[in-house]
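Down below is the structure, laid out as structure tokens.
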Amino acid sequence: QRHLLGIEPLRPDEITTILDLADQYVTFNRSRDKHARALAGLTQINMFFENSTRTQSSFEIAGKRLGADVMNMAMQASSIKKGETLIDTAMTLNAMHPDLLVVRHPHSGAVDLLSQKVNCAVLNAGDGKHEHPTQALLDALTIRRAKGRLHRLNIAICGDIAHSRVARSNILLLHKMENRIRLVGPSTLIPSGIEHFGVEVYDDMRKGLEDVDVVMMLRLQRERMDGGFIPSEREYYHRYGLDAEKLAVAKPDAIVMHPGPMNRGVEIDGTLADDINRSVIQDQVEMGVAVRMAVMDLLARNLRANPKEIMA
Ligand code: CP
């Protein structure tokens, strides 16, 4: 692959290749010497048109640990504020010959569009409600390490599915890897027709969590709700907030995940989120660096093997 725009085009064996390499980078990241050369000589630009804590910082750390020259574009201080378009901004940066462009944008499809205008590898760091591929890959690595496998697991994805690129990328990935996926949430936050993606839908959380191996919680994405259905936090927490009592119907060793940012007391009980016997939320953050290193390493190998592609 030249870019990483989504999970959709990836084959199961390609997902496994990424996760296997990421596993090696987990070990590397736990060592004292964190300097590698996989991206030496390459320039990585991070363009985040939406706020980020985890994704932006982990892409930056990943690039630096692999020896890239990393630049974080300060989008608030850029000429976007003077009316320059996304494409003009991208083409301006393209003229400086970056090798890797990491892009987050509020509009679905914007990163794909940008990838058609530049000569470098483009990585989607989240585009609107569409995809967040590195999040799904880091979630997959977290699950595989915790459960010892990434197939034939019962996985519940709970909450605001309708506005979530994390849910979409995870559904695509976990379905490709032959897991049973349940979507749990109020019908207003579950897109109609989603059953065609090979998932089961539950609006009763206690039924949805019965005997699952993995519980993945999602934030209410109010910024994407456009004045539509916005539940009261208290009512939402009562019915769909994960706490020890609701988790009790899952398997006794079920793990609790959340991509962050997390709203304690809205979609998840704070004590449960911090319970290291059940919650793998901090592991997800750790896996994020390793997965992003693996993805950029593999794209860089492709760039070096196909130099004409980058000059096209
Ligand atoms: N999970 C995730 O994308 O978090 P950030 O918005 O902090 O990057």
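For the sequence shown, the residue numbers in the UniProt record's numbering are 5 to 316.
For each residue, glycine too, the CB sits at the ideal point set by N, CA and C.
Here the structure is a predicted model, which means the values were calculated and not measured.
| Item | Value |
| --- | --- |
| Where in the segment 24 to 98 do unbroken runs of the beta strand (DSSP E), each at least 3 residues long, occur, reported from the N-terminal end onward? | 47 to 52, 73 to 77 |
| Pick out every residue whose C-beta is nearer than 7 Å to a heavy atom of ligand 1: which are they, in chain order? | N55, S56, T57, R58, T59, Q60, G130, H136, Q139, V170, P263, G264, P265 |
| Give the DSSP-derived three-state secondary structure of E249 in the structure shown. | helix |
| I need the boundaries of the alpha helix (DSSP H) containing G212, first residue and last residue. | 209 to 212 |
| Please list the terminal residues of the continuous alpha helix (DSSP H) segment that includes N128. | Premise fails: N128 lies in the beta strand (DSSP E), 125 to 131, not in any alpha helix (DSSP H). |
| Along the alpha helix (DSSP H) that carries N158, what are the first and last residues, could you check? | Careful: N158 lies outside any alpha helix (DSSP H), inside the beta strand (DSSP E) at 158 to 162. |
| Closest to I22 by C-alpha separation, out of V299, C162, L303, A304, would be which residue? | V299 |
| Below 8 Å, how does it come out for the segment 95 to 110 and the segment 53 to 60: are there three or more Cβ pairs, yes or no? | yes |
| Let's see if you can read the secondary structure: which residues bound the alpha helix (DSSP H) around M291? | 285 to 309 |
| Contact between the segment 135 to 144 and the segment 293 to 312: three or more CB pairs below 8 Å? | yes |
| Just the Cα atoms here: how many angstroms apart are residue 335 and D37? | Because the chain here runs from 5 to 316, residue 335 falls outside it and cannot be looked at. |
| DSSP has Y206 in a bridge; who is on the other side? | V188 |
| Pick out whichever of E214, R15, E182 has its Cα sitting closest to the Cα of V203. | E182 |
| Determine the direct distance from the alpha carbon of M100 to that of R169, and round the result to whole angstroms. | 30 Å |
| Is L118 closer than 8 Å to I159 when the C-beta atoms are compared? | no |
| Helix, strand or coil, according to DSSP, for R238 in the structure here? | helix |
| I'd like to know whether the C-beta of L187 is nearer than 8 Å to at least one C-beta of chain D. | Considering every chain present, this structure includes no chain D. It has just one protein chain. |
| Here's the rule I'm using: 16 or more other beta-carbon atoms within 10 Å means buried, otherwise exposed. How should A316 be labelled? | Since pLDDT at A316 reaches only 41, below the 50 mark, its modelled position is unreliable, and the value read off the structure follows with that caveat. So A316 ends up on the exposed side. |
| Using three-state DSSP, classify I259 as helix, strand or coil. | strand |
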